[in-house]
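Enquirer: If you scroll down you'll find the structure; I have some questions about it.
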Amino acid sequence: AGFTNVNANATMQWTLFDGFRMMAVDDQMSNLADAERERARGSYARVIGDVMTRYAGVVAAERALAGARAALVLAERRLEIAAARKAQGQAAATVVAQAEIDRNNVRVQVERLRTSLMLSRAGLNTLIVRETRDSFAVDTTLSMP
1 AGFTNVNANA
11 TMQWTLFDGF
21 RMMAVDDQMS
31 NLADAERERA
41 RGSYARVIGD
51 VMTRYAGVVA
61 AERALAGARA
71 ALVLAERRLE
81 IAAARKAQGQ
91 AAATVVAQAE
101 IDRNNVRVQV
111 ERLRTSLMLS
121 RAGLNTLIVR
131 ETRDSFAVDT
141 TLSMP
């Protein structure tokens with residue numbers, strides 16, 4: 001409550017109620033709090049989206065690795081059959097060599113996918129603030145988009 005009185009001809013100014021400034025400051029603080037809450041919600045949504053995306057990546061990498069391992073078993077079996085046929089004189093050396101090349105290519109693919117899976121797992125662990133080498137199981141039966 002302020003008071004001004006200079007002389008009889010001067011203006012007299014009294015502040016009886018200064019609640020509007022207080023209400024304006026309260027509104028401003030409320031708006032700032034609301035904006036901060038919205039920023040926090042957006043941040044949470046981004047983190048949750050990132051975790052879901054990384055988890056989907058781990059599931060996809062697990063599935064790809066399982067498929068590549070099955071292909072490796074088939075490639076090794078093909079090499080065994082080609083070697084047996086060559087030993088019996090029913091196949092040329094080129095057939096065995098090609099089967100060996102194919103098996104080696106599948107081995108390289110398995111190793112690349114295994115490395116990709118390790119990196120995907122480490123990325124997810126980092127995102128959820130765990131040790132990068134912590135192990136966890138994923139449900140590969142989940143349907144992924």
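The sequence shown begins at 1 in the numbering used here and counts up by one.
Yeah, the Cβ is synthetic: ideal placement off N, Cα and C, and Gly gets one too.
Quick check on this structure: which residue in Leu124, Arg77, Tyr55 has the alpha carbon closest to the alpha carbon of Asp134?
Expert: Considering only alpha carbons, the answer is Leu124.
Enquirer: Report yes if the C-beta distance between Val138 and Val58 is below 7 Å; otherwise report no.
Expert: Contact flag set, yes.
Enquirer: Determine whether the beta carbon atoms of Ala93 and Arg85 lie at a separation below 7 Å.
Expert: Contact flag unset, no.
Enquirer: Taking the Cβ atom as the reference point for each residue, do Ser116 and Ala61 lie within a distance shorter than 7 Å?
Expert: Yes, the Cβ-Cβ distance between Ser116 and Ala61 is below 7 Å.
Enquirer: Helix or strand or just coil, what does DSSP make of Thr132?
Expert: Three-state DSSP puts Thr132 in coil, outside helix and strand.
Enquirer: Answer yes if the region 76-84 comes into contact with the region 20-30, meaning at least three C-beta pairs across the two stretches below 8 Å, and no otherwise.
Expert: Contact fails: fewer than three Cβ-Cβ distances are below 8 Å.
Enquirer: Helix, strand or coil: how does DSSP classify Gly89 here?
Expert: Of the three classes helix, strand and coil, the one that applies to Gly89 here is coil, per DSSP.
Enquirer: Applying the 10 Å Cβ sphere with the 16-neighbour rule, what's the burial state of Val113?
Expert: One point to set straight first is that residue 113 is Leu, not Val, in the sequence displayed. Flag for Leu113 reads buried.
Enquirer: Which residues in the same chain as Ala97 place their Cβ atom closer than 7 Å to its Cβ, once the five residues preceding and following it in sequence are excluded?
Expert: Cβ neighbours of Ala97 beyond the five flanking positions: none.
Enquirer: Under three-state DSSP, which class holds Ala84?
Expert: Note: Ala84 maps to helix in three-state DSSP.
Enquirer: Let me check understanding here. Comparing Cα to Cα, which of Arg103, Ala24, Ala56 lies closest to Arg77?
Expert: When each option's Cα is compared against that of Arg77, the closest is Arg103.
Enquirer: Can you give me the C-alpha to C-alpha distance between Leu127 and Thr53, rounded to a whole angstrom?
Expert: Between Leu127 and Thr53, the C-alpha separation is close to 11 Å.
Enquirer: CB-CB under 6 Å to Ala71, same chain, minus the five flanking residues each way: which ones, in chain order?
Expert: Counting only Cβ-Cβ distances below 6 Å, and skipping sequence neighbours, we find Val106.
Enquirer: Distance check for Ala64 and Val73, CA to CA, integer angstroms please.
Expert: Each residue's Cα considered, the two are about 14 Å apart.
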